[in-house]
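Engineer: Below is a structure I'd like to ask you about.
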Amino acid sequence: MKIDDLPIRDELRGQSPYGAPQLDVPVQLNTNENPYQLPEPLVARIAERVAEAARDLNRYPDRDAVELRTELARYLTRTTGHQLTTGQVWAANGSNEIIQQLLQTFGGPGRSALGFAPSYQMHELISRGTGTRWIPGPRRADFTIDLENAKAALAEHRPDVLFICSPNNPTGTAVDRETVLALYEAAQAVKPTMVLVDEAYVEFSHRPSLVPLLAGRPHLVVTRTMSKAFGAAGLRLGYLAADPAVVDAVQLVRLPYHLSAVTQATALACLEHTDTLLGYVERLKTERDRLVGALRDLGLTVTDSDANFIQFGVFADPHAVWQALLDRGVLVRDNGVPGHLRVTAGTPAENDAFLDAVRTVTKELSPA
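Take the working numbering: the last position of the sequence shown gets the number 364, and nothing is skipped along the way.
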């Protein structure tokens, strides 16, 4: 039997699951992971907290993750300057589950979501999975958001959910505060619309977080993750900040006891070491900027990046370049953006290996 022989929903037929190649190569720079392992003092603290949690694994975990949400609120307050309470923060298994819960709550059959393509593919995939109609909105040639065309799209399509990804994946492009405010107001002028700002990579940005914009804007939600800046992709912990009513609303669709006691304990340990982990972020920002300069020196076009990754090109056959780099032991991402590839900023040694491979490959495969 094949998948199409099953009675799956029509909108899922012919689709492919999301995912990047997981290949055993020396330099893996394709999934925007933080290349630095957690420091040993943090590893030891995780072991302590998990051991404490293990004594009560016969019981369900704190269903509402109150301690974790309190510490996340403190982290956001300290790093954004905007006072947040526990009731304004919600956590789940990765930012993808946060997005899913938001779409289950505010999207669904008969409703629509609009995002500016190219952007994070899971926005579209989770929309489809929740029965929410997906509408791709416009970007300029430089991958920034064309505000006037975006307003026109909002007026035409009247979406129930609007996605703004800043910094944007896969381009690395940040969205300025004024544009977000204008889009929020334009969306509300059409009808009550939930505006979801995806800040998965914001700790790497030159621009401040948009969390302070939550004040007085009950339809605005900012989503975050511990996978990137915290170097905890294997933890799978995402969270949101919003009006307390939004937090109450998503709990209508959350699964019972969705965050395990072990997940909560590990995340709490990581939050005790934020200064150390954010120090790694500063290293990666330096390496990202070094990569941008080096790629441009090679004559390549590089999109300005506020994330821990870089989009570069322009190639007549980007997949051929991807394969040529892989043949030299360097794995980057072919996201399907015409003419472009994406590379994650790694350690200095990994970045040197990537640049050496690019220099060799570009001699053989010239950019378009």
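Note that CB positions come from ideal geometry on N, CA and C, so glycine has one too.
Going by the beta-carbon positions, is the gap between residue 269 and residue 68 smaller than 8 Å?
Structural biologist: No. Outside cutoff.
Engineer: At 4 residues or longer, and completely inside the segment 161 to 201: list those alpha helix (DSSP H) runs for me, N to C.
Structural biologist: For the segment 161 to 201, whole alpha helix (DSSP H) runs of length 4 or above, ordered along the chain, are 173 to 186.
Engineer: Taking just the CA atoms, how far does residue 73 sit from residue 282?
Structural biologist: Each residue's alpha carbon lies about 25 Å from the other.
Engineer: DSSP three-state call for residue 39: helix, strand or coil?
Structural biologist: Correct three-state label for residue 39: helix.
Engineer: Could you please give me the residues that DSSP links to residue 307 through a beta bridge?
Structural biologist: Residue 307 pairs with 338.
Engineer: Just the Cα atoms here: how many angstroms apart are residue 62 and residue 82?
Structural biologist: If you take the alpha carbons of residue 62 and residue 82, they lie about 7 Å apart.
Engineer: Measure the Cβ-Cβ separation of residue 118 and residue 145 and say whether it is below 8 Å.
Structural biologist: Contact flag unset, no.
Engineer: Which residues in the same chain as residue 315 place their Cβ atom closer than 8 Å to its Cβ, once the five residues preceding and following it in sequence are excluded?
Structural biologist: So the qualifying residues of the chain are 330.
Engineer: If you measure between the beta carbons of residue 128 and residue 248, is that distance less than 8 Å?
Structural biologist: Not in contact: residue 128 and residue 248 (Cβ atoms no closer than 8 Å).
Engineer: Hey, quick one: how far does the beta strand (DSSP E) through residue 235 stretch, first residue to last?
Structural biologist: Counting along the chain, the beta strand (DSSP E) containing residue 235 begins and ends at 234 to 238.
Engineer: So which of 125, 304 and 5 has the shortest CA-CA distance to residue 162?
Structural biologist: Nearest of 125, 304 and 5 to residue 162, Cα basis: 304.
Engineer: Would you be able to state if there are at least three C-beta pairs under 8 Å between the segment 97 to 116 and the segment 143 to 159?
Structural biologist: Cβ pair count under 8 Å is three or more, so yes.
Engineer: Please state whether DSSP places residue 4 in a helix, a strand or coil.
Structural biologist: Coil, per DSSP.
Engineer: Quick check: the Cα distance between residue 399 and residue 226, rounded to an integer number of angstroms?
Structural biologist: The requested residue 399 does not occur in the structure, where the chain is confined to residues -3 to 364.
Engineer: Kindly list the residues whose CB is nearer than 8 Å to the CB of residue 45, restricted to its own chain and excluding five residues on each side of it in sequence; keep chain order.
Structural biologist: The answer, listed in chain order, is 261, 262, 264 and 265.
Engineer: Quick one: what's got a C-beta closer than 6 Å to residue 122's C-beta in the same chain, skipping five residues either side?
Structural biologist: Only 95, 96 and 99 meet the Cβ criterion.
Engineer: Is residue 124 helix, strand or coil when you go by DSSP?
Structural biologist: In this structure, residue 124 counts as helix in the three-state DSSP scheme.
Engineer: Among the candidates 277, 245, 288 and 253, whose CA atom is the shortest distance from the CA of residue 103?
Structural biologist: Nearest C-alpha to residue 103: 245.
Engineer: Would you decide whether residue 180 is buried or exposed? Buried here means 16 or more other CB atoms lie within 10 Å of its CB.
Structural biologist: The residue is buried, with at least 16 neighbouring Cβ atoms inside 10 Å.
Engineer: Compare the beta carbon distance of residue 78 and residue 210 with 8 Å and say whether it is the shorter of the two.
Structural biologist: Yes, the Cβ-Cβ distance between residue 78 and residue 210 is below 8 Å.
Engineer: I'd like to check one pair, residue 25 with residue 289: are the Cβ atoms closer than 8 Å?
Structural biologist: No, they are not a contact pair.
Engineer: Does DSSP put residue 352 in a helix, in a strand, or in coil?
Structural biologist: Reduced to three states, the DSSP call for residue 352 is helix.
Engineer: Which one or two residues does DSSP pair with residue 219 in a beta bridge?
Structural biologist: DSSP lists 194 and 236 as partners of residue 219.
Engineer: Suppose you measure from the CA of residue 59 to the CA of residue 88; what does that come to, to the nearest Å?
Structural biologist: One C-alpha to the other measures close to 11 Å.
Engineer: Are there 16 or more other CB atoms within 10 angstroms of the CB of residue 295, so buried, or fewer, so exposed?
Structural biologist: That one is exposed.
Engineer: DSSP state of residue 111, grouped into three classes?
Structural biologist: Note: residue 111 maps to strand in three-state DSSP.
Engineer: Could you name the residues that DSSP lists as bridge partners for residue 132?
Structural biologist: According to DSSP, residue 132 bridges with 111.
Engineer: What is the DSSP secondary structure of residue 207, reduced to helix, strand or coil?
Structural biologist: Residue 207: helix per DSSP, three-state reduction.
Engineer: DSSP three-state label for residue 87, please.
Structural biologist: Three-state DSSP puts residue 87 in a strand.
Engineer: Check residue 346 in the structure and name its three-state DSSP category.
Structural biologist: Of the three classes helix, strand and coil, the one that applies to residue 346 here is helix, per DSSP.
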